[in-house]
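> The numbering of the sequence shown is my numbering, which starts it at 16 and goes up by one.
Using N, Cα and C, we set each Cβ at its ideal position, and we do this for glycine too.
Quick caveat, the model's predicted, so the values are computed rather than measured.
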Amino acid sequence: MNYKIIRGADQMNIDEIMNLLKQTYWADKRSQEQVVKSMCNSQCYGVYLEEQNILAGFARVITDFATTYYLCDVIIDAKYKNNGLGTALIAYIESLPEYQGLRGILITKDAHGLYKKFGYQTLNDRVMVKGRL
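1) For Ala71, is the classification buried or exposed, using 16 other Cβ atoms within 10 angstroms of its Cβ as the cut-off for buried?
2) Only counting the same chain, and skipping five residues up and downstream in sequence, which positions put a Cβ closer than 6 Å to that of Glu31?
3) For Leu35 versus Phe73, is the C-beta distance shorter than 7 Å?
4) Does DSSP classify Gln115 as helix, strand or coil?
5) Any contact between the segment 36–51 and the segment 87–100? By contact I mean 3 or more CB pairs, one from each, below 8 Å.
6) Spatial neighbours of Arg118 within its chain, please: CB distance less than 7 Å, with the 5 preceding and 5 following residues excluded, ordered by chain position.
7) If we count the other Cβ atoms within 10 Å of its Cβ and call it buried at 16 or more, is Met16 buried or exposed?
8) Along the alpha helix (DSSP H) that carries Tyr130, what are the first and last residues, could you check?
9) Give me, in chain order, the residues of the same chain whose beta-carbon lies closer than 8 Å to that of Ile20; leave out the 5 immediate sequence neighbours on both sides.
10) Any idea what DSSP makes of Gly72, helix, strand or coil?
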């Protein structure tokens with residue numbers, strides 16, 4: 016599956032992101048206004064299927080760029096799950112120089128195996144951190 020990862024909220028279509036978030040249990044009730052505001056105040060990443068230019072995945076990072084980043088709203092469209100897109104998206108984000116040496120935080124009840132591949136550790140059944148506590 017050929018894909019490209021796009022960085023920047025201004026590069027993404029809000030309707031496509033809303034459709035992805037409606038597939039989740041944690042963001043399905045967010046208003047478009049909330050989503051736009053959250054995107055404007057975060058680092059946003061989208062996985063696009065190259066041939067069709069379809070948004071297949073999305074993630075946001077909230078950070079101070081000095082000590083900590085919070086990985087959130089990670090979603091792969093149900094139609095494209097189990098094709099390595101989630102791994103590719105997280106690998107891309109984790110490889111960026113601005114996040115190197117920072118503590119990563121993630122709150123999730125899903126895909127712990129995926130995040131553990133990138134060094135996240137489970138503290139309890141929903142909270143995972145990477146780096147120093």
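With the structure as the only source:
1) Label assigned to Ala71: buried.
2) Excluding sequence neighbours, Glu31 sits near Leu70.
3) Cβ atoms of Leu35 and Phe73: closer than 7 Å.
4) Coil.
5) When C-beta atoms of the segment 36–51 are compared with those of the segment 87–100, three or more pairs fall below 8 Å, so the two segments count as touching.
6) Hits under 7 Å: Thr82, Thr83, Val144, Lys145, Gly146, Arg147.
7) Its Cβ having fewer than 16 others within 10 Å, Met16 is exposed.
8) For Tyr130, the uninterrupted alpha helix (DSSP H) segment begins and ends at 127–131.
9) These residues qualify, in order along the chain: Tyr60, Gly61, Val62, Tyr63, Ala103, Leu104, Tyr107.
10) Gly72: strand per DSSP, three-state reduction.
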